[in-house]
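Protein chains: 2
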Amino acid sequence: MLTQLWDLKLPLIQAPMAGVQGSALTIAVSNAGGLGSLPCALLSREELVQELETIRNQTDKPFNVNFFCHTLPVEDPLKNQAWQSALSPYYKEYNVDFSTNKIPTKRRSFDEESIEILEHYKPAVVSFHFGLPSSELLVRVRKWGARIISSATTVAEAVYLEEKGVDAIIAQGLEAGGHRGHFLSDDLTQQAGTFALLPQIVQAVNCPIIAAGGIADKQGVLAALNLGASAVQVGTAYLLCPEVKANALHRAAIKSARSKHTAIANVFTGRPARSIVNKLIRELGPLRADMPPFPLASTALVPLRAAAEQRACDDFTPLWCGQNASGCKEISASELTHLLCEGIRVG
Amino acid sequence: MLTQLWDLKLPLIQAPMAGVQGSALTIAVSNAGGLGSLPCALLSREELVQELETIRNQTDKPFNVNFFCHTLPVEDPLKNQAWQSALSPYYKEYNVDFSTNKIPTKRRSFDEESIEILEHYKPAVVSFHFGLPSSELLVRVRKWGARIISSATTVAEAVYLEEKGVDAIIAQGLEAGGHRGHFLSDDLTQQAGTFALLPQIVQAVNCPIIAAGGIADKQGVLAALNLGASAVQVGTAYLLCPEVKANALHRAAIKSARSKHTAIANVFTGRPARSIVNKLIRELGPLRADMPPFPLASTALVPLRAAAEQRACDDFTPLWCGQNASGCKEISASELTHLLCEGIRVG
Numbered sequence: 612m613l614t615q616l617w618d619l620k621l622p623l624i625q626a627p628m629a630g631v632q633g634s635a636l637t638i639a640v641s642n643a644g645g646l647g648s649l650p651c652a653l654l655s656r657e658e659l660v661q662e663l664e665t666i667r668n669q670t671d672k673p674f675n676v677n678f679f680c681h682t683l684p685v686e687d688p689l690k691n692q693a694w695q696s697a698l699s700p701y702y703k704e705y706n707v708d709f710s711t712n713k714i715p716t717k718r719r720s721f722d723e724e725s726i727e728i729l730e731h732y733k734p735a736v737v738s739f740h741f742g743l744p745s746s747e748l749l750v751r752v753r754k755w756g757a758r759i760i761s762s763a764t765t766v767a768e769a770v771y772l773e774e775k776g777v778d779a780i781i782a783q784g785l786e787a788g789g790h791r792g793h794f795l796s797d798d799l800t801q802q803a804g805t806f807a808l809l810p811q812i813v814q815a816v817n818c819p820i821i822a823a824g825g826i827a828d829k830q831g832v833l834a835a836l837n838l839g840a841s842a843v844q845v846g847t848a849y850l851l852c853p854e855v856k857a858n859a860l861h862r863a864a865i866k867s868a869r870s871k872h873t874a875i876a877n878v879f880t881g882r883p884a885r886s887i888v889n890k891l892i893r894e895l896g897p898l899r900a901d902m903p904p905f906p907l908a909s910t911a912l913v914p915l916r917a918a919a920e921q922r923a924c925d926d927f928t929p930l931w932c933g934q935n936a937s938g939c940k941e942i943s944a945s946e947l948t949h950l951l952c953e954g955i956r957v958g
Numbered sequence: 612m613l614t615q616l617w618d619l620k621l622p623l624i625q626a627p628m629a630g631v632q633g634s635a636l637t638i639a640v641s642n643a644g645g646l647g648s649l650p651c652a653l654l655s656r657e658e659l660v661q662e663l664e665t666i667r668n669q670t671d672k673p674f675n676v677n678f679f680c681h682t683l684p685v686e687d688p689l690k691n692q693a694w695q696s697a698l699s700p701y702y703k704e705y706n707v708d709f710s711t712n713k714i715p716t717k718r719r720s721f722d723e724e725s726i727e728i729l730e731h732y733k734p735a736v737v738s739f740h741f742g743l744p745s746s747e748l749l750v751r752v753r754k755w756g757a758r759i760i761s762s763a764t765t766v767a768e769a770v771y772l773e774e775k776g777v778d779a780i781i782a783q784g785l786e787a788g789g790h791r792g793h794f795l796s797d798d799l800t801q802q803a804g805t806f807a808l809l810p811q812i813v814q815a816v817n818c819p820i821i822a823a824g825g826i827a828d829k830q831g832v833l834a835a836l837n838l839g840a841s842a843v844q845v846g847t848a849y850l851l852c853p854e855v856k857a858n859a860l861h862r863a864a865i866k867s868a869r870s871k872h873t874a875i876a877n878v879f880t881g882r883p884a885r886s887i888v889n890k891l892i893r894e895l896g897p898l899r900a901d902m903p904p905f906p907l908a909s910t911a912l913v914p915l916r917a918a919a920e921q922r923a924c925d926d927f928t929p930l931w932c933g934q935n936a937s938g939c940k941e942i943s944a945s946e947l948t949h950l951l952c953e954g955i956r957v958g
């Protein structure tokens, strides 16, 4: 199990969830014996430093910093135009102007600046989504002894990651909420549910496998370990914890019957990601052709989302959620972490 | 576990697989202590009687007869025309004529004639795909004491089936091969992977749940039981057994690396079904709008498929397969059944 390898009490990684959490969740889970994670993709330099300082002050346990390593997008005026056209009826309805867009939401990719900051804090684990950064950057990460992990949505991606020398691989089943982590192919038919993906990845590679997608309670944790996982990664179940910063609309959707109906949609950011179905998904998605490349599609949504949310309307809000929200509870992240691993014999 | 309830030695149902198996597989699995299944949808009256006679002669163990209960389709000339247009380049390539179609492939729906035949053999279990037949027909099935089961692809479908009084529900995860069993909605985004679907159905209803989709070996069986299933249904893993009638092209595809890439496609029959990706799926699928209603779409494929198969080409052959073909072995169905349940404590 990953516990012996990585100095963890529990074989559980809290999934990094950009946009809905900060260091509070990271700290709570690490202090509870799991591996807390900090999503860094949406953080500015200053915010990243501040979060790492906070973590250092509140826990001495291992934690995980997570970065996207998508290819930096090239603006495509035709695609931008098409996307804005598609959105313009809603702009009219909400009486909002495209030109009131704030500065486009940045998605930090893993780069020199990130490394320089991390070198001061030496996080025990550095995780990546959408493949891996360059070997030059990875070499510097290894210098402070960090473990490196990344997500695989297919057996081929797992084999690739092992060849690149990762310390463990996250097998991201179709059930998982948020962005699909694929990087070798964008053909979604190649991706599989956890029951199929996990054992086939376990058979195909030697390094430890972390199961992700659909795990909501201790039975799920146990089932994943039985299927050969060395640990599990859980995201959705934490969404109602007080340490999470999901907004009121997102929480309300998680608590409602709507949480049973999610879809993989590219209409929020340009990349496929699993969210509770809302108006934007129903009317323009779920998977739209010729979207602006990730993450540029979100720019045109910013004022529209803001206007709708002011009316307590989640029509344009990304309601990230996996296919199994049954584990969400309004309890502390620490309590949830213990519940998830209750009775799991760590050995 | 279903074993105590249903007089089975093993908590395993062999999935009925229309088009690739007959009574030989049913008999082998029932004699091995599982519940063998006979798919009846493609059988004429005479064939059904013959198969039931054969089963009666070769096993005294419980077995399951499976029927589709789709709505009988209405021919739509416009859709037929569009579908034939889409196929015509391939017809030209193979120099085949639409008019050489044999009589359209029938899909027996569950009806009076079926009941009259079954009443002579009184199968222990009668299972349905695509919902349930009318209550009048079900009342007659119950007269000989048969158990009634059906497939649910969502929690809502499971609740519906329980309200209709089924004896157990098959939770069909997205990983499963063959036709998706949905009947309340054809919105595929409502369907979930086994890891998410199974525990949520278990929580929502009281009757026993049979897990299906992605289960390929004993670890999978154990994981499904841990997630609350009373039994499992396994289909794909049996596809290389000698008792199965999958043709040589289908077997070859299962044995190759291509078996890792499946898709839910409606281009074979008009209804979404999971198959290994082949040319028809790549070029006209996977999910095509305005297909002729199930099962009429298969009519136009018959001569094309025959011509291609004569050239040892599987471009138009339905290569039914789930997302986890790793359990397929060229061993007897009896041996496979025992392997799948090895070490499972029946209690």
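Residue numbers (my numbering), protein chains in the order written: chain A, 612 to 958; chain B, 612 to 958. C-beta atoms are modelled at their ideal positions from N, C-alpha and C, and glycine is treated no differently. Just so you know, these numbers come straight off a predicted model, no measurement behind them.
How would you call Pro-734(B), buried or exposed, if buried means at least 16 neighbouring beta carbons within 10 angstroms? Around the CB of Pro-734(B), 16 or more other CB atoms lie within 10 Å, so the residue is classed as buried.
Spatial distance of Tyr-705(A) from Arg-656(A) (CA atoms): Using only the alpha carbons, I get a separation of about 34 Å.
Is the distance from the Cβ of Trp-694(B) to the Cβ of Ala-911(B) below 8 Å? Yes; because the gap between Cβ atoms is below 8 Å, this pair is in contact.
Cβ of His-872(A) within 8 Å of any chain B Cβ: So, interface residue.
Touch test, the stretch 718-737 of chain B against the stretch 929-939 of chain B, Cβ-Cβ under 8 Å, three pairs minimum: Contact between the stretch 718-737 of chain B and the stretch 929-939 of chain B is absent: fewer than 3 CB-CB pairs across the two stretches fall below 8 Å.
Residues in its own chain within less than 8 Å of Ser-725(B) by CB, not counting five upstream and five downstream? Around Ser-725(B): Cys-651, Leu-659, Phe-678 and Arg-719.
Let me know the secondary structure DSSP gives Trp-931(A) once reduced to three states. Looking at Trp-931(A) - three-state DSSP - the assignment turns out to be strand.
Output the distance between the C-alpha atoms of Val-750(B) and Pro-744(B), rounded to the nearest integer angstrom. The straight-line gap from Cα to Cα measures roughly 10 Å.
Please state whether the Cβ-Cβ distance between Phe-794(A) and Gly-742(A) is less than 8 Å. Against a cut-off of 8 Å, the Cβ pair of Gly-742(A) and Phe-794(A) comes out as a contact.
Would you give the residue range spanned by the beta strand (DSSP E) that Asn-675(B) belongs to? Unbroken beta strand (DSSP E) run through Asn-675(B): 674-679.
Please confirm if the stretch 871-882 of chain B is in contact with the stretch 783-802 of chain B, defined as three or more CB-CB distances below 8 Å between the two stretches. Contact holds: three or more Cβ-Cβ distances are below 8 Å.
Using 8 Å as the threshold, is the C-beta distance between Cys-932(B) and Val-832(B) below it? Contact flag unset, no.
Alpha-carbon spacing of Lys-672(B) relative to Gly-645(B), whole angstroms: Approximately 9 Å, taken between the alpha carbons.
Give a yes or no on whether the minimum CB-CB distance between Pro-897(B) and chain A is below 8 Å. Yes, because at least one Cβ of chain A sits closer than 8 Å to the Cβ of Pro-897(B).
Please list, in chain order, the chain A residues whose beta carbon lies closer than 8 Å to that of Leu-838(B). Gln-830, Gly-831 and Ala-834, listed in chain order.
How about Val-957(A): is its C-beta nearer than 8 Å to some C-beta of chain B? Among the CB atoms of chain B, none fall inside 8 Å of the CB of Val-957(A).
Contact criterion: CB-CB distance below 8 Å. Does Val-845(B) meet it with respect to chain A? The C-beta of Val-845(B) comes no closer than 8 Å to any C-beta of chain A.
Three or more C-beta pairs below 8 Å linking the stretch 838-845 of chain B and the stretch 905-920 of chain B: Contact check between the stretch 838-845 of chain B and the stretch 905-920 of chain B: fewer than three CB pairs, one atom from each, fall below 8 Å, which does not count as touching.
Mind checking whether Pro-684(A) and Leu-851(A) have CB atoms under 8 Å apart? Cβ distance not < 8 Å, so Pro-684(A) and Leu-851(A) don't count as in contact.
Anything in the stretch 793-805 of chain A with a Cβ closer than 7 Å to a Cβ of chain B? List those residues in chain order, please. So the list reads Thr-800, Gln-801, Ala-803, Gly-804 and Thr-805, given in the order they occur along the chain.
So the candidates are Ala-863(A), Leu-891(A), Glu-941(A) and Ala-815(A); which of them puts its Cα closest to the Cα of Ala-769(A)? Minimum Cα-Cα distance from Ala-769(A) among the listed residues Ala-863(A), Leu-891(A), Glu-941(A) and Ala-815(A) corresponds to Ala-815(A).
Run down chain A in chain order and give the residues with a C-beta less than 8 Å from the C-beta of Leu-850(B). Leu-850(B) does not reach chain A, its nearest Cβ partner there being about 15 Å away, counting only Cβ pairs nearer than 8 Å.
The alpha helix (DSSP H) enclosing Ile-820(B), as first and last residue numbers: That residue, Ile-820(B), is in no alpha helix (DSSP H); its beta strand (DSSP E) goes 820-823.
Mind checking if Pro-622(A) is an interface residue toward chain B, Cβ cutoff 8 Å exclusive? Not closer than 8 Å to any Cβ of chain B, the Cβ of Pro-622(A) fails to qualify, so no.
Three-state secondary structure (DSSP) of Ser-867(B): Ser-867(B) falls in the coil class under three-state DSSP.
Rounded to the nearest angstrom, what separates Val-957(B) and Leu-621(B) at their Cα positions? Cα atoms of Val-957(B) and Leu-621(B): separation of roughly 7 Å, rounded to the nearest angstrom.
At a CB-CB cut-off below 7 Å, which residues of chain B make contact with Lys-937(A)? The question names Lys, yet the displayed sequence has Ser at residue 937(A). Result: Pro-810, Gln-811 and Gln-814.
Residues near Gly-896(A) by beta carbon distance below 8 Å, same chain, minus five either side: Correct list, in chain order: Ala-874, Ala-876, Asn-877 and Val-878.
In terms of DSSP beta bridges, what is Phe-739(A) paired with? Phe-678(A) and Ser-761(A).
Rounded to the nearest angstrom, what separates Ile-892(B) and Tyr-702(B) at their Cα positions? If you take the alpha carbons of Ile-892(B) and Tyr-702(B), they lie about 16 Å apart.
6 Å CB neighbourhood of Pro-627(A) in its chain, flanking five on each side removed: These residues qualify, in order along the chain: Ser-648, Pro-650 and Asn-677.
Residue-level contact to chain A via CB, Leu-785(B), 8 Å cutoff: Closer than 8 Å: yes.
Can you give me, in chain order, the residues of the stretch 758-790 of chain B that have a beta carbon less than 7 Å from any beta carbon in chain A? So the list reads Val-766, Gly-784, Leu-785 and Glu-786, given in the order they occur along the chain.
Identify each residue in the stretch 817-828 of chain A for which the Cβ-Cβ distance to at least one residue of chain B is less than 9 Å, and report them in chain order. Taken in chain order, the members of the stretch 817-828 of chain A whose beta-carbon sits within less than 9 Å of a beta-carbon on chain B are Ala-822, Gly-824, Gly-825, Ile-826, Ala-827 and Asp-828.
With 16 as the cutoff for other CB atoms within 10 Å, does Lys-856(A) come out buried or exposed? Under this definition Lys-856(A) is an exposed residue.
For a cutoff of 8 Å on Cβ pairs, would you count Ala-900(B) as touching chain A? Taking 8 Å as the threshold, the shortest C-beta distance from Ala-900(B) to chain A does not fall below it.
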